[in-house]
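Working notes, structure below.
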Amino acid sequence: MQGESMYALAEELFPICRSITGNGVRRTFEILKKNCPQIRLYEIPSGTQVYDWTVPKEWNIRGGYLADEQGNHIVDFEDSNLHILGYSVPTDQTLSLEELEEHLYTLPKQPELIPYTTSYYRERWGFCMSQKQKDKLKPGNYHAFIDTTLEDGSLTYGEVIIPGETEEEIFLSTYICHPSMANNECSGPALMVHLANWIEALPRRKYTYRLIFVPETIGAITYLSRNLDVMKQRVIAGFNLTCVGDDRTYSMVSSRYGDTLADRTLHNVLQHHYPDYKVYSFLKRGSDERQYQAPGVDLPVVCFCRSKYHEYPEYHTSADNLSMISAEGFQGSYDVITKCIEALEYNEYYQVTCLCEPQLGKRGLIPTVSSKDTSLEKKAQDIKNIVGYADGKIDLLELSDMIKVPVNELVPLIKKLLDVKLLRIAEHS
Amino acid sequence: MQGESMYALAEELFPICRSITGNGVRRTFEILKKNCPQIRLYEIPSGTQVYDWTVPKEWNIRGGYLADEQGNHIVDFEDSNLHILGYSVPTDQTLSLEELEEHLYTLPKQPELIPYTTSYYRERWGFCMSQKQKDKLKPGNYHAFIDTTLEDGSLTYGEVIIPGETEEEIFLSTYICHPSMANNECSGPALMVHLANWIEALPRRKYTYRLIFVPETIGAITYLSRNLDVMKQRVIAGFNLTCVGDDRTYSMVSSRYGDTLADRTLHNVLQHHYPDYKVYSFLKRGSDERQYQAPGVDLPVVCFCRSKYHEYPEYHTSADNLSMISAEGFQGSYDVITKCIEALEYNEYYQVTCLCEPQLGKRGLIPTVSSKDTSLEKKAQDIKNIVGYADGKIDLLELSDMIKVPVNELVPLIKKLLDVKLLRIAEHS
Amino acid sequence: MQGESMYALAEELFPICRSITGNGVRRTFEILKKNCPQIRLYEIPSGTQVYDWTVPKEWNIRGGYLADEQGNHIVDFEDSNLHILGYSVPTDQTLSLEELEEHLYTLPKQPELIPYTTSYYRERWGFCMSQKQKDKLKPGNYHAFIDTTLEDGSLTYGEVIIPGETEEEIFLSTYICHPSMANNECSGPALMVHLANWIEALPRRKYTYRLIFVPETIGAITYLSRNLDVMKQRVIAGFNLTCVGDDRTYSMVSSRYGDTLADRTLHNVLQHHYPDYKVYSFLKRGSDERQYQAPGVDLPVVCFCRSKYHEYPEYHTSADNLSMISAEGFQGSYDVITKCIEALEYNEYYQVTCLCEPQLGKRGLIPTVSSKDTSLEKKAQDIKNIVGYADGKIDLLELSDMIKVPVNELVPLIKKLLDVKLLRIAEHS
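So the protein sequences, as listed, match chains A, B and C. Heads up: the first sequence runs through residues 83 to 511, numbered per our numbering. Heads up: the second sequence runs through residues 83 to 511, numbered per our numbering. Heads up: the third sequence runs through residues 83 to 511, numbered per our numbering.
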């Protein structure tokens, strides 16, 4: 089982201070490449125009703290990288508590927790702290010190292309821009490298696989600005992977119209894997599915999560730590996505090769004595239903939906029926 | 607010004895034209063939009563014009109670009320009275006197055409043939003239407006027999307005298949305006939607009511008096229909002009600090959803349905996005 | 009423030992032909290849028993033809109880009943008995004697073709291969011959009727292998009739996609005839609909039952005897199928011949006084709805569904409206 290995990788990624650019991202890729050397890195210079956006200056941080008049550090980057507002400009000044106020970010409804807050596109500096910490601040002067740089540099992203028999692609995306939070988002990259290795090891791949690790929003937009044309021609289904390490539930965010092959595949798998899974409409989008499903982009992509971002209380706080995630949580995500990939790989239009029911008994596929109590083994019943519905007009996903059997249970039976030439793959336009 | 003005107009119309032809209709139009001089009147001669029907003789009434042997007037036209059976032929005779019986119309289930009863297409005479009144009649002779004329003349209807930028039309219809009943139907004409004035005052009209005031059934058929060809080419949506002055609920009668643009528009507006609105299928049709949606006519028309005809107890009785209607009731109808018109005027296929999400923050359309607690203002969220769904493939009504925001709240945001060129109007075939 | 006559015929068929081939089938046809001389018989030789199957050797039985050491007959074919495993090869040998074990068939969950068991396609012999009988067997030797023949011969089926005005066909199928069980399946053939006579007696038939009596599975496959091409061109709707003699409920097994004309017709009739009818998906198929709806065969056929096979406790046991069925049960099935046929015969696309509502009053079709309390007779309301919906775009079944009136109540009204030329039959492609 890969759950333990994914958890261990997430643990290793956890301490790094990542942002949408900078060396935290590069250190993250160094670790990922130890597990998945085939990741190819790209550096896109600051100032590059990407659709309606511009690649920002590169941000790096060495440290930072807020100190009182006695020099006590109220909050310090060393304690938690969440304490510094993401993309803070450097500062080194003394202010009164009143002046400091607008630079402090808290969560009044979760007074124990440090919020994760950023200001990528307007220059600010600030400290994030728990409401309790803030409440203890007494009038007086404070020393705000933030040692960051915001300079021309580049945005870093990673890509793995795993070729298959055809140029048609299955697309997986996750992001590598969040600092020390576990489910959101050390989990996505940890899952992704394990998926990459599983896909590489498949004995046969019909499809080519495109796996990307990008900073959220600006990274997805940057990636699309360089790859959209080819992706629109090739991608048949895609999954945005985020918050995939906890074990509370399973969730998906549907595509805009909820009708892509990715929607159908994930519904099909989840309804058998975890029938109580949660479906969120595109109105609840929030991660990079926002770009992949933007009007005109229209890639057939859904978002897959265990507990969906925005929906679990620890989201975007210091409580999204390593106790949020588990080997079991990872394993569940891994199982779902590998089942989706298997379903897509075998999602052909199958057709029985004879008219009327084939005589399954003479092939040993069903019993030869007929009696009311001869309850068919489930597999025999499944075989009867496959040949009873495989008319070349529905794909395997729809066949699975109609006969209410998971695709992963159908695949071995389909292979057997192809072998004895009772099934063939139909042309389909 | 126009509610008071509409109520005052209905009050003025109330006393007049109208029928499907005759001077009551003409007096009604005199009053309406004071408020809406642009109404153009048409007179269609008796005997004119209109599809399967013939314009009937013109009916006029000077008075009538039923008197007992002592000369006491049991019922008298002076007291209520409902007392005389609509389209009664003249009579002046003495009959026994037994002979009189077949000429008396009552409502046994509502014994206090005078029914509204007519016999347009078979010559009869009769009196309508409360069951209580009838129960008091003693054996003896009675004098039936009805002073009417039924002669060649004409059927009168009114029409307002308000031109717009295109020849495509929005159609509104109401009727002017009911005697002294308030909701059904002094309310429809009172609303209609106020709508006409609102439409005239619009700074811009994409559509041309066709508003008609006709006697029910025969008038709608007559109108269609003279205008159907052009209406089939031009009308994109229409609303039959009846029983629009009370304030108990909101109702619609769907088109035959429930799928016209008029259905979609009225559903969209009512689901936000009054979520508990009542939807009646075309099986419950009863007003002029019967003609507009007849097979082969097939105009995209629905019927709008507050309390639907046939469904409120005062319907077609003397209790449908001025206490049934109110300024508030009228205002609600006015608001709904003007919202429908606004929705239709702006019902384009909008499309975002950039790939991926536009950077709304740099345009001041959403906040530039991102934190879990930064709850977006509703308008910012609506803007994100507009640009997240505006793919040029759905019209504004469907966009509104998908993002669950009323069209009238979307229109100002759409205008702003058109201004900053983040949206454009897509071609749509 | 035909219920009694159908019951009497089923009673006459009941004692015969039928199987998928042999003289029991031929004796059954002798009886059926007394009621329906137009049945034409076909004999298909053993060894004939029919799609994936081969017509088996012909099986005949003279008798058989299982005796203990004292010569007492434990079970005997004379007592019930269910005692001998269907298609048993001959045997005459003495065995120990232990050796006998694998040749005994019982129903442990219904210990009083003899199961109906067969082994058509693998040579076996065996006895079927109640679990109670088996439990009484003491250790010792037993004499197994089965006097059957399994030799080259033929498979027998019957067909009735009743010509109509067009070559388009309505198809009815039932089976004649079950030994002494009443509902499954003396009922189907008994119903079928009465339907044949009713169809023959129709004053007018638009459609040609194809009625077949076949052994289940192999017979349906054999029939299709000889007739599929013409049936695919001609059959517009078909019904497989089985278990049609009890009176517990009404059931249907839908076609694969549930959308054929046969599905629509049977739903339409049953929803009015017996609103609590049961609908089973094609996943619950089990009778010859398995062949008629097999992928590539795709005939528009559903299965009709009272209590569905597999779903009533007496199914495939000795308890499916004459007490299971009744004249009332048969009558219900007869009424449903004749209603379906009538619905199909009149299932045209009707269109009103005038624009706007026709003036029904002048034709005496609705009252000429209009008042709130003038409740229309149901027929008048139905007529208004027919002309309000008959747009030439929906067939009579959909019209019936939309206006919620059974087709059999609509047909006389449709005829009247055709007579007065307010309706016509529209061309429809």
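All C-beta atoms in this analysis are idealised placements derived from N, C-alpha and C, irrespective of residue type, glycine included. These figures come from a predicted structure and were not determined experimentally.
DSSP-derived helix/strand/coil call for residue i
i: Ala226(C); result: strand
i: Met211(B); result: coil
i: Val493(C); result: helix
i: Glu430(B); result: coil
i: Val383(B); result: strand
i: Lys475(B); result: strand
i: Leu505(B); result: strand
i: Lys419(C); result: Looking at the sequence itself, residue 419(C) is Ile, so the reference to Lys does not match. Correct three-state label for Ile419(C): helix.
i: His155(B); result: strand
i: Asn322(B); result: strand
i: Lys218(A); result: helix
i: Glu184(A); result: helix
i: Lys360(C); result: strand
i: Arg292(C); result: strand
i: Ser255(B); result: strand
i: Glu233(A); result: strand
Whether residue i touches residue j by CB criterion (8 Å)
i: Thr290(A); j: Ala319(A); result: no
i: Leu179(C); j: Gly222(C); result: yes
i: Cys387(C); j: Ser333(C); result: yes
i: Ser201(B); j: Thr420(C); result: no
i: Gly327(A); j: Asn265(A); result: yes
i: Leu404(A); j: Glu151(A); result: no
i: Val379(B); j: Leu95(C); result: no
i: Val361(B); j: Tyr374(B); result: no
i: Leu114(A); j: Ile485(B); result: no
Distance, residue j Cα to residue i Cα
i: Gly107(A); j: Lys461(B); result: Residue identity check: residue 107(A) is Val in the sequence provided, not Gly. Computed Cα separation, rounded: 34 Å.
i: Pro172(A); j: Glu140(A); result: 13 Å
i: Glu205(C); j: Ser170(C); result: 7 Å
i: Pro357(A); j: His349(A); result: 10 Å
i: Val296(A); j: Asn429(A); result: 29 Å
i: Arg287(C); j: Trp280(C); result: 11 Å
i: Tyr359(B); j: Gly340(B); result: 15 Å
i: Ile143(B); j: Met211(B); result: 18 Å
i: Glu233(B); j: Leu123(B); result: 20 Å
i: Glu249(B); j: Gly368(B); result: 30 Å
i: Leu284(C); j: Ile252(C); result: 14 Å
Endpoints, alpha helix (DSSP H) assigned at residue i
i: Arg316(C); result: Ile300 to Arg316
i: Asp464(A); result: Lys460 to Tyr471
i: Met274(A); result: Ser269 to Glu282
i: Asn142(B); result: Element bounds for Asn142(B): not the alpha helix (DSSP H) but the beta strand (DSSP E), Glu140 to Ala149.
i: His349(A); result: Leu343 to His355
i: Ser87(C); result: Gly85 to Leu95
i: Arg372(C); result: Glu371 to Tyr374
Where the beta strand (DSSP E) containing residue i begins and where it ends
i: Glu205(C); result: Taken as a continuous stretch (DSSP letters only), Glu205(C) belongs to no beta strand (DSSP E), as it is neither H nor E.
i: Met334(A); result: Ser333 to Val335
i: Asp174(B); result: Thr173 to Ser178
i: Ile113(B); result: Element bounds for Ile113(B): not the beta strand (DSSP E) but the alpha helix (DSSP H), Asn105 to Asn117.
i: Gly240(C); result: Ser236 to Ile244
Can you give me, in chain order, the residues of the stretch 172–201 of chain A that have a beta carbon less than 8 Å from any beta carbon in chain B?
-> Tyr187, Leu189, Pro190, Lys191, Pro197, Tyr198, Thr199, Thr200 and Ser201
Along the stretch 431–452 of chain C, what residues have a CB closer than 7 Å to any CB found in chain B?
-> Gln433, Val434, Cys436, Leu437, Cys438, Glu439, Pro440, Gln441, Gly443, Lys444, Thr450, Val451 and Ser452
Can you list, in chain order, the residues of the stretch 130–159 of chain B whose Cβ is nearer than 7 Å to any Cβ on chain C?
-> Tyr133, Asp134 and Trp135
Residues, ordered as in the chain, of the stretch 458–473 of chain A that lie near chain B by beta-carbon distance below 8 Å | none
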